[in-house]
Amino acid sequence: MRLKVSVAAVFAAVTFASPLAVFLAGTPEGGGGSSPASPQSGGTESSSPAPASGQATIKVYDSAQDKVMELAFSDYLRGALAAEMPPTFAPEALKAQATACATYALRLKQQAAESPNESLKGADISVDSRLHQGYISDADLQTRWGQNYDYYRSLIQEAVDQSGNQILTYEGAPIISAYHSISPGKTEAAEDIWGQAVPYLVSVDSPGDLLAPDYETKETFTKDVVKENLSQKWSDIALGDDPATWFADLATTPSGTVKTLTVGGKSLSGGDIRSALNLRCAAFSVSYKDGTFTFDVKGYGHGVGMSQYGADYMARQGSSAQDILAHYYPGTALEPLANFLS
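In terms of mature numbering (1 follows the signal peptide of the UniProt record, and there is no 0), the sequence shown is residues -17 to -1, 1 to 325.
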């Protein structure tokens, strides 16, 4: 079996000193607006009206069309929420996601003001979900949702209206609102994934993820495909004659995410292997038999912050959006978005 070509770079290269900066400039790795699949890019061709005078806005770059559009912040959030969470999720989960999306967008808007990214050509954020959180225009949503467009759009708009006007803060500043599709059953601490502790990005239980579709997946690769992909990524890797010895010394977090392992005598992270082999998550075990490697993978995404399927489960059990956010981002507070927008 040949490897699938990776459709998204999990993290973008940035010029920050902190390892955590890979998240600050990269996609939060949500589940996408239609299924627990890779986040999807959306176009910006839209009939959205121009922002009203005095209305808070955000500048959005569409690399496919090489243009920058200035959208009302609320219109942008509607497209971001639609891209990042299925409209059929429970209303309180959608509201929690709307707040996470608003917080993420605000951080990037502030970052662009302090240190503009030349590749964004004056914009605050990209619609390319390989770089930032996803965004889908109303026109593209009409195509995607078809006859359900009006109903689904109303669900998304209600969540934005009720919760997109607030953000999560810690000690008065917008937080790093990391989120992902499905955890392995417990979320991950930022320190274990990105090498830097963040007081509100800690490991918490997320039992609803075990009930998510495709919570556990199996990927198989021939030894030749594994060797080819590892060698392409690390030219100095030394894979021996016995493939059964290629992967060794797996050290995992309490949730089962691989922190470190030895591959061909080289010390790597689970995220390294996830990227090289296009696995859904770094929470995996690996076995070898008859020329084939089998990776048993649990969850989808980096595992840090809010689990989207965990949030949906909590909402269906009666938790409010505020409860969900407090669970996945402990110690944070909710503040009006307007306090941070000029």
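Every residue, glycine too, gets a C-beta built ideally from N, C-alpha and C.
Beta-carbon proximity of residue i to residue j, cut-off 7 Å
{"i": "Asp107", "j": "Ile159", "result": "no"}
{"i": "Ala65", "j": "Ile119", "result": "yes"}
{"i": "Leu251", "j": "Leu233", "result": "no"}
{"i": "Ser109", "j": "Tyr44", "result": "yes"}
{"i": "Glu75", "j": "Ala298", "result": "yes"}
{"i": "Gln140", "j": "Arg61", "result": "yes"}
{"i": "Thr203", "j": "Val280", "result": "no"}
{"i": "Val185", "j": "Ala195", "result": "no"}
{"i": "His285", "j": "Ile176", "result": "yes"}
{"i": "Tyr312", "j": "Tyr183", "result": "yes"}
{"i": "Thr315", "j": "Tyr198", "result": "no"}
{"i": "Pro69", "j": "Leu138", "result": "no"}
{"i": "Lys206", "j": "Gly274", "result": "yes"}
Expected contact under 8 Å - CB spacing of residue i and residue j to nearest Å
{"i": "Leu320", "j": "Leu89", "result": "7 Å"}
{"i": "Ala79", "j": "Ala294", "result": "5 Å"}
{"i": "Gly129", "j": "Ala63", "result": "That belief does not hold up - the Cβ atoms of Gly129 and Ala63 are roughly 21 Å apart, past 8 Å."}
{"i": "residue 329", "j": "Ser164", "result": "What the structure shows of the chain is the stretch from -17 to 325, and residue 329 is not part of that stretch, so it cannot be assessed."}
{"i": "Phe276", "j": "Pro157", "result": "Phe276 to Pro157, Cβ: 42 Å. No contact."}
{"i": "Trp229", "j": "Val246", "result": "6 Å"}
{"i": "Leu77", "j": "Ala142", "result": "4 Å"}
Where residue i falls, given that 16 or more other Cβ within 10 Å makes a residue buried
{"i": "Asn131", "result": "exposed"}
{"i": "Glu12", "result": "buried"}
{"i": "Arg(-16)", "result": "Here Arg(-16) scores only 30 on pLDDT, less than 50, and its place in the model is too uncertain to base an answer on."}
{"i": "Tyr134", "result": "exposed"}
{"i": "Ala(-1)", "result": "The pLDDT assigned to Ala(-1) is 31, lower than 50, so where the model puts this residue is not dependable; a value taken from the coordinates is nonetheless given after this. Exposed: under 16 other Cβ atoms inside 10 Å."}
{"i": "Ser166", "result": "buried"}
{"i": "Lys50", "result": "exposed"}
{"i": "Ala47", "result": "exposed"}
{"i": "Pro99", "result": "exposed"}
{"i": "Leu308", "result": "buried"}
{"i": "Ala96", "result": "exposed"}
{"i": "Asp225", "result": "exposed"}
{"i": "Thr236", "result": "buried"}
{"i": "Gly155", "result": "exposed"}
{"i": "Ala231", "result": "exposed"}
{"i": "Asp123", "result": "buried"}
{"i": "Gly223", "result": "exposed"}
{"i": "Gly248", "result": "exposed"}
{"i": "Asp219", "result": "exposed"}
{"i": "Gly254", "result": "buried"}
{"i": "residue 330", "result": "The structure shown does not extend to residue 330, since the chain spans only -17 to 325, so no value can be given for it."}
{"i": "Ser21", "result": "Any reading at Ser21 must be qualified, since the residue scores a pLDDT of 34, below 50, and its modelled position is unreliable; no value is offered."}
{"i": "Gly25", "result": "Model confidence at Gly25 stands at a pLDDT of 45, short of 50, so the residue's coordinates are unreliable and nothing is read from them."}
Near the ligand NAP: residue i beta-carbon under 6 Å from a heavy atom
{"i": "Ser258", "result": "Because no ligand of any kind appears in the structure shown, any question about the ligand NAP cannot be addressed here."}
Query raised in the report: With a cut-off of 8 Å, do at least 3 Cβ pairs link the stretch 79 to 91 to the stretch 287 to 306?
Result: The way I'd put it, the stretch 79 to 91 does touch the stretch 287 to 306; three or more beta-carbon pairs between them come closer than 8 Å.
Query - Contact the stretch 253 to 272 vs the stretch 184 to 191: 3+ CB pairs below 8 Å - result: no
Query raised in the report: Are the stretch 133 to 148 and the stretch 50 to 60 touching by the rule of at least three beta carbon pairs closer than 8 Å?
Result: These segments touch.
Query raised in the report: Can you list the beta strand (DSSP E) stretches of 3 or more residues lying completely in the stretch 131 to 167, in chain order?
Result: 149 to 153
Report task. Could you tell me which uninterrupted beta strand (DSSP E) segments, each at least 3 residues in length, are contained entirely in the stretch 244 to 319, listed from first to last along the chain? Result -> 249 to 252, 267 to 272, 275 to 281 and 316 to 319
Query raised in the report: Any chance the stretch 264 to 284 sits against the stretch 235 to 242, with 3 or more Cβ pairs inside 8 Å?
Result: Yes, the stretch 264 to 284 is in contact with the stretch 235 to 242.
**Report entry** Residue ranges of each beta strand (DSSP E) within the stretch 176 to 233, 3 or longer
**Finding:** 199 to 205
Report task. Identify every run of the alpha helix (DSSP H) within the stretch 54 to 95, keeping only runs that are complete inside it and at least 4 residues long; order them along the chain. Result -> Whole alpha helix (DSSP H) segments, 4+ residues: 56 to 67.
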